[in-house]
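Novice:
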């Protein structure tokens, strides 16, 4: 795969310079297809989307990327923040050459919504897959940026002692046991090549530390910038939400997200777990197709 902006090859895709960072990007589908920009949840990798990409790439130009430090992306230049992640997503949208449909899973929904609110001309539509939502997002003390170097250092130590090779893949398996009904979509050696890297483990920890601050920054942005009237689908997975009250609260939170635009709708998956891009590629493809129908009716 060639790059027009100085990218170099890495793994199944290429490393490109965007938003002040180097990120791993994998593209598939027809070059003249409507571009879809896909971003994984906290600590995720490009292969979380493999089953969905298999359905989407026939009619779309599918662009999947790893946030800085994750997947096969090099170590981050800046710590995770709403500003950084929105800048990277926006630069990739610009690189696509025309407005993109953003597909964002879990925490990636923060940057996707921020992009729509700050650079709406880059966004044609949006699918939020079991997106993160924080009703009370205020944080008393901001420590994520200060602690990010410690997270990176912990990753370096794990990598140097080879603990990362065991701890990373094991942690990934434990997460999938709680959030997915299927096995990995790629061979085990691919998973080890990612989650066995100390850099990745440090980046995952840094994202965990930044999560609440990113939610708070998005809450503040909502007060200042409106969400554009673009087609929006919010997919709600309830299979791993315990109790009727919590299920109801999660669904209501996603209703509020869908209500950000008059062209929003919510899709409920009662039995699906959190890893919707991995487990339910059919629902992902249907949601994208539904955006097209909303555009036609607008």
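In our numbering, the protein residues as written are 163 to 460. By construction, the Cβ of each residue, glycine as well, lies at the ideal position given by its N, Cα and C atoms. Just so you know, these numbers come straight off a predicted model, no measurement behind them.
1. Going by C-alpha to C-alpha distance, which of 254, 344 and 360 sits closest to residue 274?
2. Please list the terminal residues of the continuous alpha helix (DSSP H) segment that includes residue 186.
3. I'd like the list of long-range same chain contacts for residue 271, defined as Cβ closer than 7 Å, with 5 residues on each side in sequence excluded.
4. Would the region 332-339 and the region 300-319 be scored as touching if the rule is three or more Cβ pairs under 8 Å?
5. Using 8 Å as the threshold, is the C-beta distance between residue 318 and residue 360 below it?
6. Three or more C-beta pairs under 8 Å: does that hold for the region 212-228 against the region 186-199?
7. Sorted by chain position, which residues of the same chain lie with C-beta nearer than 7 Å to residue 334's C-beta, five sequence neighbours on each side aside?
8. Tell me whether the beta-carbon of residue 364 lies closer than 8 Å to the beta-carbon of residue 252.
9. Over what stretch of residues does the alpha helix (DSSP H) that includes residue 351 continue unbroken?
10. Which residues bound the alpha helix (DSSP H) around residue 333?
11. Residue 222 bridges to which residues according to DSSP?
12. Under 8 Å, with one C-beta from each stretch per pair, do the region 413-433 and the region 375-383 reach the 3-pair mark?
Specialist: According to the data block:
1. 254
2. Here residue 186 belongs to no alpha helix (DSSP H); instead the beta strand (DSSP E) covers 183-190.
3. Contacts found: 290, 293 and 294.
4. no
5. yes
6. The region 212-228 makes contact with the region 186-199: 3 or more CB pairs, one atom from each, lie closer than 8 Å.
7. 353 and 357
8. no
9. 350-357
10. 325-341
11. 196
12. The region 413-433 vs the region 375-383: no contact.
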